[in-house]
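2 protein chains.
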Amino acid sequence: MRDRTTRDRKTAILEAAARVIAQRGVRGLRIEQLAGEAGVSKALVYYHFGDRARLLRHTLALVGERAERYTRGPAGPDAGRDRLRELEDRLLLEFRDAPAVRENSTVWGELRAGAVFEPELREGLARASREWTEEVAGLLGRVAPGAPHERLTGAAERLTVLVEGLSTRWLIGVLPVGHAVELLREAVAAEAGALRRADDATPTPLCVFD
Amino acid sequence: MRDRTTRDRKTAILEAAARVIAQRGVRGLRIEQLAGEAGVSKALVYYHFGDRARLLRHTLALVGERAERYTRGPAGPDAGRDRLRELEDRLLLEFRDAPAVRENSTVWGELRAGAVFEPELREGLARASREWTEEVAGLLGRVAPGAPHERLTGAAERLTVLVEGLSTRWLIGVLPVGHAVELLREAVAAEAGALRRADDATPTPLCVFD
DNA sequence: GTCTATACAAGGATAGAC
DNA sequence: GTCTATCCTTGTATAGAC
Numbered sequence: 038m039r040d041r042t043t044r045d046r047k048t049a050i051l052e053a054a055a056r057v058i059a060q061r062g063v064r065g066l067r068i069e070q071l072a073g074e075a076g077v078s079k080a081l082v083y084y085h086f087g088d089r090a091r092l093l094r095h096t097l098a099l100v101g102e103r104a105e106r107y108t109r110g111p112a113g114p115d116a117g118r119d120r121l122r123e124l125e126d127r128l129l130l131e132f133r134d135a136p137a138v139r140e141n142s143t144v145w146g147e148l149r150a151g152a153v154f155e156p157e158l159r160e161g162l163a164r165a166s167r168e169w170t171e172e173v174a175g176l177l178g179r180v181a182p183g184a185p186h187e188r189l190t191g192a193a194e195r196l197t198v199l200v201e202g203l204s205t206r207w208l209i210g211v212l213p214v215g216h217a218v219e220l221l222r223e224a225v226a227a228e229a230g231a232l233r234r235a236d237d238a239t240p241t242p243l244c245v246f247d
Numbered sequence: 038m039r040d041r042t043t044r045d046r047k048t049a050i051l052e053a054a055a056r057v058i059a060q061r062g063v064r065g066l067r068i069e070q071l072a073g074e075a076g077v078s079k080a081l082v083y084y085h086f087g088d089r090a091r092l093l094r095h096t097l098a099l100v101g102e103r104a105e106r107y108t109r110g111p112a113g114p115d116a117g118r119d120r121l122r123e124l125e126d127r128l129l130l131e132f133r134d135a136p137a138v139r140e141n142s143t144v145w146g147e148l149r150a151g152a153v154f155e156p157e158l159r160e161g162l163a164r165a166s167r168e169w170t171e172e173v174a175g176l177l178g179r180v181a182p183g184a185p186h187e188r189l190t191g192a193a194e195r196l197t198v199l200v201e202g203l204s205t206r207w208l209i210g211v212l213p214v215g216h217a218v219e220l221l222r223e224a225v226a227a228e229a230g231a232l233r234r235a236d237d238a239t240p241t242p243l244c245v246f247d
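Line order of the protein sequences matches chains B and V. Numbering-wise (our numbering), the first sequence opens with residue 38 and increments by one. Numbering-wise (our numbering), the second sequence opens with residue 38 and increments by one.
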């Protein structure tokens, strides 16, 4: 840890920033605290990143990369098992209680909340969520191969939105992870089931009663 | 508007606070801006509410009352129609694009986001969401009378969480209201359908394929 | 009750030495 | 590149006149 290079320090600053954001929120990020966490002076932060806004952008980039890493991990030995399971696992990634994951979820949540008031944040967010939705739609397509594209997208949107909502409640602490996972599993099963049913034979109307 | 009483001013301050929060967020609320919006001096705000924290509590109380009002409105002439419709309507209340509703949704969203970092906010939030979930579970119970309580609650939790997530995306502006409504309608139909099916005849396993 | 003026604190940002 | 010391703005809160 000691005898760090300049590059070490820059990344140390960004990692500290992510940590502080996860702890106090984007809007609660104080350069001083961040510097303390990283073990450097405030001035050094400004030296490397210019101003608060740029620091923030870099930090969010870091968080994005991290998410990539734990998301698109290598397929792993037991990859080709159950397709439904694969979908579930992808969605459940957001609920692993590892510090890094929790940190990332917290930051994304803050980002979403902040975007309500700061339009600049929206574009990146919109892109990320579009990509995520498409990925999930793809997985759903393998579960229910015959389903029309539009319905896949709809289901994917519902599931990803659900994950976001559950994640918020989890982070608030009003919803235990275990329960969140259970609720999500049931939702996945329901969506997949509905796609499957709509798929085969007669085009069942969406509303099956009354 | 002119010749206002003291009471008028107090409520004017709170309404202005709600407006500013909806515009800048709880954490972006500045006493000065608020006072300007309300057409009074900063000092008067402190005179009536003591400090920022107390002002905030009063404002949130106001928002809560408003939500009550537009939520538990009188049954209306066409009350006894379709039960499913009733449930849908209840959930869709959050998406009416009236200024007051939008303001309230924004503030609740901020509250949820803020609660991740400020534990004091959690209790009130937890209670409100519990009540809401129970209400929705009740409505679901009338749609699928035979369904066991636990499943009703689960479905209600998913639906309310979904509404919260959709609401956030709507307020961010990445999801048009119309689409949000559509997604929600489909989810309601799916949940109700699943409850209905699990209800009658053989206890179908949740996962109906493979 | 309501205002104007001001004290006081926190936090973002910079200057200048090393 | 990195630090210490400092500036300056902004925002909360109070004093005191009316």
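Ideal Cβ positions, reconstructed from N, Cα and C, are used throughout, including at glycine. Note that the coordinates shown come from a computational prediction; the quantities given were computed from them, not determined experimentally.
{"Query": "I'd like to know whether the C-beta atoms of V:Arg-56 and V:Glu-140 end up nearer to each other than 8 Å.", "Result": "yes"}
{"Query": "Going by Cα to Cα distance, which pick from V:Thr-48, V:Ile-58, V:Thr-42 and V:Ala-54 is closest to V:Gly-146?", "Result": "V:Ile-58"}
{"Query": "Can you list, in chain order, the residues of the stretch 194-208 of chain V whose Cβ is nearer than 7 Å to any Cβ on chain B?", "Result": "Glu-194, Arg-195, Val-198, Leu-199, Glu-201, Gly-202, Leu-203, Thr-205, Arg-206 and Leu-208"}
{"Query": "Taking the alpha helix (DSSP H) that B:Asp-45 falls in, what are its first and last residues?", "Result": "43-61"}
{"Query": "Quick check: is the beta carbon of V:Thr-143 nearer than 8 Å to any beta carbon in chain B?", "Result": "yes"}
{"Query": "If you draw a straight line from the C-alpha of B:Glu-155 to the C-alpha of V:Lys-47, how long is it?", "Result": "29 Å"}
{"Query": "Classify B:Arg-91 as buried or exposed, calling it buried when 16 or more other Cβ atoms lie within 10 Å of its own Cβ.", "Result": "exposed"}
{"Query": "Use the C-beta contact count for V:Ala-98: other C-beta atoms within 10 angstroms, 16 or more gives buried, fewer gives exposed.", "Result": "exposed"}
{"Query": "Just the chain B side, please: which residues come within less than 9 Å of V:Leu-28 by C-beta, in chain order?", "Result": "Residue numbering for chain V in the displayed model covers 38 to 247; residue 28 of chain V lies beyond these limits and cannot be assessed."}
{"Query": "Compute the distance between the beta-carbons of V:Thr-170 and V:Ala-193, then report whether it is under 8 Å.", "Result": "yes"}
{"Query": "Any idea if V:Ala-135 is buried or exposed, counting beta-carbon neighbours within 10 angstroms, 16 or more meaning buried?", "Result": "exposed"}
{"Query": "Measure from the alpha carbon of V:Val-225 to the alpha carbon of each residue in V:Glu-123, V:Arg-109, V:Ile-209 and V:Leu-51, then state which is nearest.", "Result": "V:Glu-123"}
{"Query": "Does chain V have any CB closer than 8 Å to the CB of B:Leu-71?", "Result": "no"}
{"Query": "Do you know whose CA, among B:Val-173, B:Leu-158 and B:Leu-93, lies nearest B:Leu-130's CA?", "Result": "B:Val-173"}
{"Query": "According to the Cβ coordinates, are V:Arg-203 and V:Leu-221 closer than 8 Å?", "Result": "First, the amino acid is wrong: residue 203 of chain V is Leu here, not Arg. Cβ atoms of V:Leu-203 and V:Leu-221: closer than 8 Å."}
{"Query": "What does B:Arg-64 touch in chain V if you count any residue whose Cβ is under 7 Å from its own?", "Result": "Arg-64"}
{"Query": "By the 8 Å beta-carbon criterion, what residues does the stretch 75-108 of chain V contribute toward chain B?", "Result": "none"}
{"Query": "Does any residue of chain V have a CB that is nearer than 8 Å to the CB of B:Val-153?", "Result": "yes"}
{"Query": "Report the three-state DSSP secondary structure of V:Val-100 (helix, strand or coil).", "Result": "helix"}
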